[in-house]
Amino acid sequence: MQKPDRELGQETRVVHGGPDPDPHYGAVSVPIYQSSTFAFHDADEGAARFAGTDPGYKYTRLGNPTTRALEQCVAELEGGFAALATSTGMAAVSTVLLGLLSKGEHVVGTDAVYGPTRLLAEKHLSRFGIESDWVRTENIDFLRRAIRPNTRMIYIETPANPTIKISDLEACGRLAREIGAYFVVDNTFSSPILQQPFRFGADVVVHSMTKYLNGHSDVVAGIFVSRDQEMHQRLAPMLQTLGGTPDPHQSWLVLRGLRTLAMRVEKAQDNAGRLAEWLAQHPKVAWISYPGLPSHPQHELAKKQMSGPGAMISFGVRGGLEAAKTMINSVRLCVLAVSLGGIETLIEHPASMTHAGVPAKERAEACITDDLVRVSVGCESFEDLKHDLEQALAAVPVFQDSRRSV
0 MQKPDRELGQ ETRVVHGGPD PDPHYGAVSV PIYQSSTFAF HDADEGAARF AGTDPGYKYT
60 RLGNPTTRAL EQCVAELEGG FAALATSTGM AAVSTVLLGL LSKGEHVVGT DAVYGPTRLL
120 AEKHLSRFGI ESDWVRTENI DFLRRAIRPN TRMIYIETPA NPTIKISDLE ACGRLAREIG
180 AYFVVDNTFS SPILQQPFRF GADVVVHSMT KYLNGHSDVV AGIFVSRDQE MHQRLAPMLQ
240 TLGGTPDPHQ SWLVLRGLRT LAMRVEKAQD NAGRLAEWLA QHPKVAWISY PGLPSHPQHE
300 LAKKQMSGPG AMISFGVRGG LEAAKTMINS VRLCVLAVSL GGIETLIEHP ASMTHAGVPA
360 KERAEACITD DLVRVSVGCE SFEDLKHDLE QALAAVPVFQ DSRRSV
């Protein structure tokens, strides 16, 4: 089968990315190699595989053909050297942090990062002498002031979870190079369809594949992509030792979901943009954060570094915590659940759910307020989604509080 004679677009790469069709039987769909171990023809071949001179497979924790197909596809989409899939998104984050940081070193990252990422650093890595600070990285001056002599990593999540604030990847990458630190970007909220952090100097890109890459809310998985061979060779042994690798069937499900990524993102983003415009005018919505709106503080930055504003919306319900709870308890179509990036619209209350483990003072500093509702917009009919949110907001009593900026 001949290779294409031109550079392929992202929409084509999600469909055709990865290895060629199965060389044994010509299967168009990647086979599921549901095996924990792989046979050797003889002792010499086994020795060669463990020595690294034979690239064949030996044990699924160390590599699997189905998983490798997924890794190749994601690496192509991100424009990185190589990717390694993990059993969960947090397995990817843990592997990268443990693989790159040592005792006495410091990481500074986005304050509104995914809750467990921050808890990993503050509650667990701190026990091993690794320090961390979490600041509003949408302001590069705040990030610069948090740098210490022992800072070895800048960890950025953009758009941030759940505030949907945007950090300047180019400026963050420049700062990381200036101080000789690793630059790690969590690209889960955008997916490589909308944002490619390697273009801005990232060393490692991480994803929770549970979200947009899989897109069907039926798999938990993660992945990290390395910029170059040196980074890949440093992180691969850490993953193999920690053992947070995915099951082959898990990898196959994600790869199948990945094939429709571009179409899903386009539809969900279209719905989100229309919903955001409508919500921004609703009298019971105190504020809204969506990068596609001109009112978003980083609207111009989002246009510069993203090819689209995405499908995540956060907004405040007038009346605070009780009003927000009333609203999300009143939805009939949107699913009240955590996670994001699925074909169905999900709605949640971060302060009491995904970020409940973050102390209240730190949540407030990160603008994760009690009135905040996060919506992962899906692929349903726009009119149906609008009607559901409209009737849910109608259940909220009228409050006369002032709008606030995000």
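In numbering that gives the first Met the number 0, the protein residues as written are 0 to 405.
Here a beta-carbon is modelled for each residue, glycine too, at the ideal position from N, C-alpha and C.
Small disclaimer: the values here were computed from a predicted structure and weren't measured.
N-terminal and C-terminal residue of the beta strand (DSSP E) that residue i is part of
i, result
"Asp132", "130 to 134"
"Ala84", "81 to 85"
"Gly108", "105 to 109"
"Val224", "221 to 225"
Residue i: first and last residue of the uninterrupted alpha helix (DSSP H) it sits in
i, result
"Asp444", "Not covered by the structure: residue 444. The range shown for the chain is 0 to 405."
"Ser313", "Run containing Ser313: none in the alpha helix (DSSP H); it sits in the beta strand (DSSP E), 311 to 316."
"Phe141", "139 to 145"
"Gly319", "319 to 328"
"Ala363", "359 to 364"
"Ser250", "247 to 257"
"Glu379", "No alpha helix (DSSP H) contains Glu379, which DSSP labels as neither H nor E."
"Lys302", "298 to 304"
"Val73", "64 to 77"
Residue i, DSSP secondary structure in three states
i, result
"Met152", "strand"
"His386", "helix"
"Ala180", "coil"
"Ala285", "strand"
"Gly39", "Strictly speaking, residue 39 in this sequence is Phe, with Gly absent from that position. In this structure, Phe39 counts as coil in the three-state DSSP scheme."
"His206", "strand"
"Phe197", "helix"
"Gly88", "helix"
"Arg373", "strand"
"Phe127", "helix"
"Glu6", "coil"
"Asp19", "coil"
"Ile342", "coil"
"Leu99", "helix"
"Val13", "helix"
"Arg121", "Residue identity differs from the one stated: residue 121 is Glu in this sequence, not Arg. DSSP places Glu121 in helix when its eight states are reduced to three."
"Leu292", "coil"
"Val395", "coil"
"Leu494", "Outside the shown range of the chain (0 to 405) lies residue 494, about which nothing can therefore be said."
Buried versus exposed, by CB contacts within 10 Å (16 or more), residue i
i, result
"Asp369", "buried"
"Asn406", "Residue 406 lies beyond the stretch modelled for the chain, which goes from 0 to 405, so this question has no answer here."
"Thr109", "buried"
"Lys164", "buried"
"Arg176", "exposed"
"Val397", "exposed"
"Thr36", "exposed"
"Glu75", "buried"
"Gln304", "buried"
"Ala363", "exposed"
"Glu347", "buried"
"His231", "buried"
"Asp19", "exposed"
"Glu156", "buried"
Selection from the options that minimises the alpha carbon distance to residue i
i, options, result
"Gly256", "His215, Ala355, Gly17", "His215"
"Phe381", "Val14, Phe80, Ala170, Ala267", "Ala267"
"Thr59", "Ser294, Leu332, Lys385, Gln249", "Gln249"
"Glu265", "Glu10, Asp387, Arg5, Pro349", "Glu10"
"Leu119", "Arg135, Leu97, Gly103", "Leu97"
"Met262", "Ala336, Ile346, Gln71, Tyr211", "Tyr211"
"Val73", "Pro22, Ala393, Phe39, Val13", "Val13"
"Arg151", "Val95, Phe199, Gln194", "Val95"
"Gly243", "Leu332, Glu156, Ser93, Leu252", "Ser93"
"Pro358", "Phe39, Ala38, Glu121", "Glu121"
"Phe314", "Arg135, Gly62, Leu142, Gln280", "Gln280"
"Pro290", "Lys302, Lys283, Pro282", "Lys302"
"Glu130", "Ala235, Val203, Ala145, Ser86", "Ala145"
"Leu388", "Pro22, Gly341, Val316", "Val316"
"Pro22", "His40, Ala47, Pro64, Phe39", "Pro64"
"Val395", "Gly318, Arg48, Asn213", "Gly318"
"Ala201", "Val219, Ser190, Asp227", "Asp227"
"Leu384", "Lys324, Asp217, Ala275", "Ala275"
"Val219", "Thr87, Gly128, Ile367", "Thr87"
"Leu27", "Arg258, Ser288, Leu99", "According to the sequence displayed, residue 27 carries Val and not Leu. The option with the nearest alpha carbon to Val27 is Arg258."
Beta-carbon proximity check, residue i vs residue j, cutoff 8 Å
i, j, result
"Ser329", "Ala285", "no"
"His206", "Ile192", "no"
"Val107", "Ile153", "yes"
"Ser225", "Gly78", "no"
"Val184", "Leu174", "no"
"Val337", "Thr353", "yes"
"Leu371", "Ala350", "yes"
"Thr136", "Ser101", "no"
"Gly377", "Ile327", "no"
"Ile312", "Ala365", "no"
"Leu238", "Leu124", "no"
"Tyr113", "Asn160", "yes"
"Leu69", "Val204", "no"
Below-8 Å beta-carbon distance, residue i vs any chain D residue
i, result
"Tyr211", "Here there is only one protein chain, and chain D is not present."
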